[in-house]
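J.: Have a look at this one before I ask anything.
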Amino acid sequence: MQHERPFLRAASPEDGLSEARFFTGKTGAIRNLVREIMQHLALALPDNPELCGNAELVLAEALNNIEEHGYAGIPGMPVQVSVTVLGNMIQVATRDFGTPMPGLTIPPIHRPEVEVPKDALPEGGFGWFLIHSLAPNPSYTRRGNTNRLFFKMRCASAQAETS
Numbered sequence: 150m151q152h153e154r155p156f157l158r159a160a161s162p163e164d165g166l167s168e169a170r171f172f173t174g175k176t177g178a179i180r181n182l183v184r185e186i187m188q189h190l191a192l193a194l195p196d197n198p199e200l201c202g203n204a205e206l207v208l209a210e211a212l213n214n215i216e217e218h219g220y221a222g223i224p225g226m227p228v229q230v231s232v233t234v235l236g237n238m239i240q241v242a243t244r245d246f247g248t249p250m251p252g253l254t255i256p257p258i259h260r261p262e263v264e265v266p267k268d269a270l271p272e273g274g275f276g277w278f279l280i281h282s283l284a285p286n287p288s289y290t291r292r293g294n295t296n297r298l299f300f301k302m303r304c305a306s307a308q309a310e311t312s
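Taking this note's numbering, I'd label the letters of the sequence shown as residues 150 to 312.
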């Protein structure tokens, strides 16, 4: 199957930076995609390393979930990622053709139990808690055979101002 080549759309500084990428799940593809997006975000938000760091965590977690759960670890499957910076906000949208989320909904916020002995800590279960914590109110839709995930993040000071 032929996939669209990665592309970058840069709007004017007033409109923000908009980035879209297609990738396939080959070894290291997620890591490389996140690294590339982070380079663009660092240029777009040079005074906001905290927001960039949060975006990196959420992007990596969301893309790993798509590869691991949506595509059940099958390599070479397409995912589209679109990242837009508007002022002090980052908007992210993903699109994939993997398995739908159970119940066609984002898992609820569930804080994993961490007050246990170190050797009893769960290996997984932190992903959606992390996403909900850093990108409040993510949304998910399934249209036909396509999963769409959308979330936005603001820097901590901007969240405090709008609350």
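No residue lacks a Cβ here, since even glycine has one placed at the ideal position from N, Cα and C.
Where G247 and L253 are concerned, what is the direct C-alpha to C-alpha distance, given to the nearest angstrom?
T.: In the sequence shown, counting from the first residue as 1, residue 247 sits at position 98. In the sequence shown, counting from the first residue as 1, residue 253 sits at position 104. Using only the alpha carbons, I get a separation of about 12 Å.
J.: Which full runs of the alpha helix (DSSP H) of 4+ residues lie inside the region 176–245, going along the chain?
T.: Here the runs fully enclosed are 178–193, 198–214.
J.: In whole angstroms, what separates the C-alpha of M250 from that of R297?
T.: In the sequence shown, residue 250 corresponds to position 101, counting from 1. In the sequence shown, residue 297 corresponds to position 148, counting from 1. The alpha-carbon atoms of M250 and R297 are separated by roughly 10 Å.
J.: If we count the other Cβ atoms within 10 Å of its Cβ and call it buried at 16 or more, is T233 buried or exposed?
T.: Start at 1 with the first residue of the sequence shown, and residue 233 comes out as number 84. Per the 10 Å Cβ criterion, buried.
J.: Quick one: what's L298 bridged to in DSSP?
T.: For the purposes of this step, residue 298 is taken as the residue at position 149 of the sequence shown. Per DSSP, T243, Y289.
J.: Is the distance from the Cβ of P287 to the Cβ of I255 below 9 Å?
T.: What you label residue 287 is simply residue 138 of the sequence shown in a count that begins at 1. What you label residue 255 is simply residue 106 of the sequence shown in a count that begins at 1. Their beta carbons are under 9 Å apart, which means P287 touches I255 by this criterion.
J.: Thinking C-alpha only, which one of P198, G236, I223, P227 is nearest R244?
T.: Residue 244 sits at position 95 when you count from the first residue of the sequence shown. R244 has its Cα closest to that of P227, out of P198, G236, I223, P227.
J.: Looking only at its chain, what residues have a beta carbon closer than 6 Å to the beta carbon of A284, apart from the 5 residues adjacent to it on each side?
T.: Residue mapping note: residue 284 aligns to position 135 of the sequence shown, counting from 1. For A284, where only same-chain residues beyond five positions count, the Cβ hits under 6 Å are V207, F300, M302.
J.: Are the Cβ atoms of A204 and V241 separated by less than 9 Å?
T.: Working through the sequence shown from its first residue, we reach residue 204 at position 55. Working through the sequence shown from its first residue, we reach residue 241 at position 92. Yes; because the gap between Cβ atoms is below 9 Å, this pair is in contact.
J.: Can you give me the C-alpha to C-alpha distance between A160 and A193, rounded to a whole angstrom?
T.: Along the sequence shown, one-based indexing puts residue 160 at 11. Along the sequence shown, one-based indexing puts residue 193 at 44. Only weak support exists for where A160 lies, its pLDDT of 41 falling under 50; the coordinates are left without a value.
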